[in-house]
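Reading through the structure tokens given below for one structure.
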Amino acid sequence: MIEKLQFGMSDFVALLPEIILCVFALLITVYDFMSKRTNKALISYMSQVAFFVTLIATFTLIGNNYTAYSGMFVIDTFAIFIKVVILLVAMISVAASHRFITDEGYESGEYYILIMFSVLGMMIMASATDLISVFVGLELMAIPCYFLTGFFKKQNRSIEGALKYFLMGAFSSAVLAYGISFVYGVTGTTNLHKIAEFFATQGVDINNPALYLVLTLFVAGFGFKIAAVPFHMWCPDVYEGAPTPITAFMSTAVKAASFAAFLRVYATALPALHINWAPTLAVLAALTMTIGNIVALTQSSFKRMLAYSSIAHAGYILIGLVALKVSDGVASVLFYLIAYAFANMGPFIIIILLRTKNSSGEMLTDLHGLGKRAPLLAGIMLIFMFSLTGLPPTGGFPGKYYLFYAAVQSNYVWLTVVACINTAISAFYYFKVGMYMYMHEPRNTEELEKPSTPVLTALYICVGMTLLIGIMPHRFFEAAKQSIMLLTS
Amino acid sequence: MVLEYLPVLILMVFALGFAVVTIVMSDMLRPNKPEKVKSSTYECGAPLFTDARGMVSIRFFIISMLFLLFDIEAAFLYPWAINYNVLGLFGFVEIVIFIIILLVGYFYAWRKDALEWE
Numbered sequence: 001m002i003e004k005l006q007f008g009m010s011d012f013v014a015l016l017p018e019i020i021l022c023v024f025a026l027l028i029t030v031y032d033f034m035s036k037r038t039n040k041a042l043i044s045y046m047s048q049v050a051f052f053v054t055l056i057a058t059f060t061l062i063g064n065n066y067t068a069y070s071g072m073f074v075i076d077t078f079a080i081f082i083k084v085v086i087l088l089v090a091m092i093s094v095a096a097s098h099r100f101i102t103d104e105g106y107e108s109g110e111y112y113i114l115i116m117f118s119v120l121g122m123m124i125m126a127s128a129t130d131l132i133s134v135f136v137g138l139e140l141m142a143i144p145c146y147f148l149t150g151f152f153k154k155q156n157r158s159i160e161g162a163l164k165y166f167l168m169g170a171f172s173s174a175v176l177a178y179g180i181s182f183v184y185g186v187t188g189t190t191n192l193h194k195i196a197e198f199f200a201t202q203g204v205d206i207n208n209p210a211l212y213l214v215l216t217l218f219v220a221g222f223g224f225k226i227a228a229v230p231f232h233m234w235c236p237d238v239y240e241g242a243p244t245p246i247t248a249f250m251s252t253a254v255k256a257a258s259f260a261a262f263l264r265v266y267a268t269a270l271p272a273l274h275i276n277w278a279p280t281l282a283v284l285a286a287l288t289m290t291i292g293n294i295v296a297l298t299q300s301s302f303k304r305m306l307a308y309s310s311i312a313h314a315g316y317i318l319i320g321l322v323a324l325k326v327s328d329g330v331a332s333v334l335f336y337l338i339a340y341a342f343a344n345m346g347p348f349i350i351i352i353l354l355r356t357k358n359s360s361g362e363m364l365t366d367l368h369g370l371g372k373r374a375p376l377l378a379g380i381m382l383i384f385m386f387s388l389t390g391l392p393p394t395g396g397f398p399g400k401y402y403l404f405y406a407a408v409q410s411n412y413v414w415l416t417v418v419a420c421i422n423t424a425i426s427a428f429y430y431f432k433v434g435m436y437m438y439m440h441e442p443r444n445t446e447e448l449e450k451p452s453t454p455v456l457t458a459l460y461i462c463v464g465m466t467l468l469i470g471i472m473p474h475r476f477f478e479a480a481k482q483s484i485m486l487l488t489s
Numbered sequence: 490m491v492l493e494y495l496p497v498l499i500l501m502v503f504a505l506g507f508a509v510v511t512i513v514m515s516d517m518l519r520p521n522k523p524e525k526v527k528s529s530t531y532e533c534g535a536p537l538f539t540d541a542r543g544m545v546s547i548r549f550f551i552i553s554m555l556f557l558l559f560d561i562e563a564a565f566l567y568p569w570a571i572n573y574n575v576l577g578l579f580g581f582v583e584i585v586i587f588i589i590i591l592l593v594g595y596f597y598a599w600r601k602d603a604l605e606w607e
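Residue numbers (our numbering), protein chains in the order written: chain A, 1 to 489; chain B, 490 to 607.
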């Protein structure tokens, strides 16, 4: 028996930003293949326009709270918050891309089109209230990322990264799908609200082994996507091999979208099982930040060091998931995501700017004497390093403060202690960057290329936002707090 | 309830035991006199002429990927066609959008010479 499908104007409106982005992406695809010699710079600008229009459409939906498509898709402030972060990150990565991929000899329209489809998948993930739509969004996000990682198809490490990412990603998706099948087996539904309702009315049968299987498979599936230890092995190779703007994109937007889905599934569907999964996630968080930070200490490649640092940051964010039950737990995750997104995009943009004829700009030695070669870039880099360490007046400080406070409130004092020790460890390698920039003589005295306007704009937005979040954290935290009101209720 | 599966377990034990016992026993009992022809790979009695792990044109891969995509498109049309009366205009519009999106992909493959076989 098939339920009569209802489709009204409200469904259409809820999906409007996604529809706009999809139509733009398809039109740009058509434009790209219409002639063999299309203007790729124009495609880059068109994709910016697409993201901008989508952003405006997303903003106009603020204040709406309803589910659409028979409970598959929700429009609420949480989704809008995540979507805005993702779209901003996508715009910054595209702005940093054009000159870079042209110089490397891989100028093509597909690059931008793939980013657009990946963003489309992330937006669906942010709004998904059904495990099936979470899964569809996840795949739509991940598959373009596999291609983008291997975009420099004549570089072995790019191919290596892409293959690793693809195999690991496909495997983790299968694990997640397997977990979803067990949820359906236990509760008879894939809708997040109905799952929560099932546990609320039927109670949690703690002797049911299928529940533990579900929790294990979910942690493994989502753990792969956010690169939590011990599911992080793909991360350094992929982040190092991928084109630098794509690394920036993946380490922020993909992470934000994955955390959004992770949060929504755990906060909406499984709060009744909190006592069962919170200790696992706490151990995972402690392992993730410790291993991420300690391995980052020994890296000689700056890009690889940032990859390990992003693993460590995933560990910090996991603290917020553990502290889901306290009032500001989820809000602190959102706050940290936005502060981390801008602070982590920045160093990658600087790597792009440091690229010269004879060096890739990716090694720590390329930073030697940057304070003399390019004082402005060095100063900006220092601000990003401050934020990633968690020092005021940058966004990283209130971000860490809210997260750690939420952990203390939910009686995970040991986790807070581990996190504080880790912050101290991370300061060592973040400050090493500062030492190389100001205390060492330049090794490479080549003149840096004059940066293009879009890249500079992207860099200034990143540094501006990092400082703004640090100076006025309250504003952003209030926005984050308001956006989660309906998530947990 | 678990007991109902006991026959399956017994069958599994027998199947595994039979395979292991026959392989081990035949290995212990038979005379061992390997020679070149005897230990070569057996392929329908005809002598081998190449390694099975040869290189295949990447075109096969592209064609099979495209086949898979459009095959799945066709597979999606069947449930829609069966439920056409229930889904009505909404379903019709949805399926047209679905086909348009795939058509863009088809023309993309065409323009990128993925269908050429030079």
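Beta carbons are placed, not taken as given, at the ideal position from N, Cα and C, and that holds for glycine.
Report the three-state DSSP secondary structure of threonine 389/A (helix, strand or coil). For threonine 389/A, the secondary structure class from DSSP, reduced to helix, strand or coil, is helix.
Buried or exposed: histidine 474/A, going by 16 or more other Cβ atoms within 10 Å of its Cβ? The residue in question, histidine 474/A, is exposed, as its Cβ has fewer than 16 Cβ neighbours within 10 Å.
Considering only the beta carbon of each residue, do histidine 440/A and glycine 369/A sit closer than 8 Å? A contact, by the Cβ cut-off of 8 Å.
Who are the neighbours of tyrosine 597/B on chain A, taking C-beta pairs under 7 Å? Within 7 Å Cβ-Cβ: Thr29, Phe33.
Which residues mark the beginning and the end of the alpha helix (DSSP H) in which alanine 68/A is found? That residue, alanine 68/A, is in no alpha helix (DSSP H); its beta strand (DSSP E) goes 66-68.
Would you kindly check if the distance between the Cβ of threonine 189/A and the Cβ of tyrosine 198/A is under 8 Å? According to the sequence shown, residue 198/A is phenylalanine rather than tyrosine. Cβ atoms of phenylalanine 198/A and threonine 189/A: closer than 8 Å.
With a threshold of 8 Å, are at least 3 pairs of Cβ atoms found where one atom belongs to the segment 173-186 of chain A and the other to the segment 252-261 of chain A? With the rule of 3 Cβ pairs closer than 8 Å, the segment 173-186 of chain A does not count as touching the segment 252-261 of chain A.
By the 10 Å Cβ neighbour count, where 16 or more other Cβ atoms means buried, how is lysine 83/A classified, buried or exposed? Using a 10 angstroms sphere on the CB of lysine 83/A, the tally of other CB atoms reaches 16 or more, which defines it as buried.
Exposure of asparagine 411/A, with buried meaning 16 or more beta-carbon neighbours within 10 Å: Exposed: under 16 other Cβ atoms inside 10 Å.
Compare the C-beta of phenylalanine 7/A with all C-beta atoms of chain B and state if any pair is closer than 8 Å. For phenylalanine 7/A, the answer is yes, since a Cβ of chain B falls inside 8 Å of its Cβ.
Please report the straight-line C-alpha distance between threonine 365/A and arginine 443/A, rounded to a whole angstrom. Note on geometry: alpha-carbon atoms of threonine 365/A and arginine 443/A lie some 7 Å from one another.
Would leucine 318/A pass as a contact of leucine 284/A if the rule is Cβ separation under 8 Å? Taking 8 Å as the Cβ cut-off, leucine 318/A and leucine 284/A qualify as a contacting pair.
Opposing strand residues paired with isoleucine 75/A [DSSP bridges]: As DSSP reads the structure, isoleucine 75/A sits in a beta bridge with Tyr66/A.
Return helix, strand or coil for methionine 363/A, following the three-state DSSP convention. Correct three-state label for methionine 363/A: strand.
Assuming alanine 314/A contacts threonine 288/A under a Cβ cut-off of 8 Å, what Cβ separation, rounded to an integer in Å, is found between them? Yes, alanine 314/A and threonine 288/A are in contact; Cβ-Cβ is about 6 Å, under 8 Å.
Tell me alanine 128/A's beta-bridge partners as DSSP assigns them. Beta-bridge pairing links alanine 128/A to Phe73/A.
Contacts that valine 593/B makes with chain A (C-beta to C-beta distance below 7 Å): Result: Leu26, Thr29, Val30.
Does the beta carbon of isoleucine 590/B come closer than 8 Å to any beta carbon on chain A? Interface with chain A (8 Å Cβ-Cβ cutoff): isoleucine 590/B is included.
Which same chain residues end up closer than 6 Å to tyrosine 336/A when comparing Cβ atoms and leaving out the 5 residues on each side of it in sequence? Cβ within range, chain order: Ile317, Gly399, Leu403.
Alpha-carbon to alpha-carbon, asparagine 572/B and methionine 1/A: Bear in mind that a pLDDT of 39 at methionine 1/A, under 50, signals an unreliable position, so the model cannot answer this.
Where do the ends of the alpha helix (DSSP H) carrying histidine 313/A lie? Where histidine 313/A is concerned, the enclosing alpha helix (DSSP H) stretches over 302-322.
Measure the CB-CB distance between alanine 220/A and threonine 268/A and report whether it falls below 8 Å. The answer is no: Cβ separation not under 8 Å.
Classify cysteine 420/A as buried or exposed, calling it buried when 16 or more other Cβ atoms lie within 10 Å of its own Cβ. Classified as exposed, cysteine 420/A has fewer than 16 neighbouring CB atoms from the shown chains inside 10 Å of its CB.
With contact counted as at least three CB pairs below 8 Å, one residue from each stretch, are the segment 153-170 of chain A and the segment 233-246 of chain A in contact? In short, these stretches touch, since the Cβ pair count reaches three.
Start-to-end residues for the alpha helix (DSSP H) that takes in aspartate 560/B: Its alpha helix (DSSP H) spans residues 547-571.
Just the Cα atoms here: how many angstroms apart are valine 53/A and valine 13/A? Their backbone Cα atoms lie some 15 Å apart in a straight line.
I want to verify the contact list: residues of chain A whose CB lies under 7 Å from the CB of arginine 600/B, in sequence order. In chain order, Phe33 make up the part of chain A whose C-beta sits under 7 Å from the C-beta of arginine 600/B.
If you check the beta carbons only, do leucine 138/A and alanine 261/A fall under 8 Å apart? When the beta-carbon positions are compared, leucine 138/A and alanine 261/A come within less than 8 Å of each other.
So, helix, strand or coil for asparagine 191/A, using DSSP? Asparagine 191/A sits in a strand when the DSSP states are folded into three classes.
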